[in-house]
Amino acid sequence: MQIHLTVPITVHTAKKRKLELLPVIQDIPRPSDDANLLGRFLKPGGVQVPLVPGQSTLIQSYMLRNKTEALSEDGIVAFTLQGDTLIECLHEVGMTPTEA
0 MQIHLTVPIT
10 VHTAKKRKLE
20 LLPVIQDIPR
30 PSDDANLLGR
40 FLKPGGVQVP
50 LVPGQSTLIQ
60 SYMLRNKTEA
70 LSEDGIVAFT
80 LQGDTLIECL
90 HEVGMTPTEA
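Going by numbering that gives the first Met the number 0, the letters in the sequence shown line up with residues 0 to 99, in that order.
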């Protein structure tokens, strides 16, 4: 996973935890534009992190600005936004083997 080094976004979870997330570099079609790709992009049984109300708008704006649908705090686990929840995703879905 390649992280774009930029100013991280700080988000607050419903369990009062603070996350510092960075954009994951994605040179692929947007998973949200393709139902088949989206189904493979969301990790089955992955971690779900409910957010404080209002955080999703900030995250969505950050993701659009950084041209990604995946964010990571540690460069190992990636999340995408679904409603008011961060959901673990498989950032490499849609990449060719040389990109992943």
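Idealized CB from N, CA, C, for every residue including glycine.
Practice item. Please name the residue, chosen from Ala34, Leu20, Leu63, that lies closest to leucine 85 on a Cα-to-Cα basis. Key: Within the sequence shown, numbered from 1, the residue matching residue 85 stands at position 86. The shortest Cα separation from leucine 85 among Ala34, Leu20, Leu63 belongs to Leu20.
Point to revise | At least 3 beta-carbon pairs within less than 8 Å: the segment 0-13 vs the segment 33-45 | key: no
Review point. In chain order, what residues of the same chain lie with their CB nearer than 6 Å to the CB of isoleucine 24, ignoring the 5 residues before and after it?
Key: Translated into positions along the sequence shown, residue 24 becomes position 25. Result list for isoleucine 24: Gln1, His3, in chain order.
Check your understanding: Could you give the uninterrupted runs of the alpha helix (DSSP H) lying entirely in the segment 46-95, keeping only those of 4 residues or more?
Key -> 54-64
Check your understanding: CB-CB under 8 Å to leucine 57, same chain, minus the five flanking residues each way: which ones, in chain order?
Key -> Taking the first residue of the sequence shown as 1, we reach residue 57 at position 58. Closer than 8 Å at Cβ, skipping near neighbours: Ile8, Val10.
Practice item. Just mark leucine 18 as buried or exposed, buried being the case when its beta carbon has 16 or more other beta carbons within 10 Å. Key: The sequence position of residue 18 within the sequence shown is 19, counting from 1. Leucine 18 comes out buried.
Practice item. Report the rounded CA-to-CA distance for serine 71 versus alanine 77, giving the unit in angstroms. Key: The residue you call residue 71 lines up with position 72 of the sequence shown. The residue you call residue 77 lines up with position 78 of the sequence shown. For serine 71 and alanine 77, the distance between alpha carbons rounds to 5 Å.
Review point. Is alanine 69 buried or exposed, if buried means 16 or more other CB atoms sit within 10 Å of its CB?
Key: Here residue 69 refers to the residue found at position 70 when the sequence shown is read from its first residue. Alanine 69 is buried by the Cβ-count criterion.
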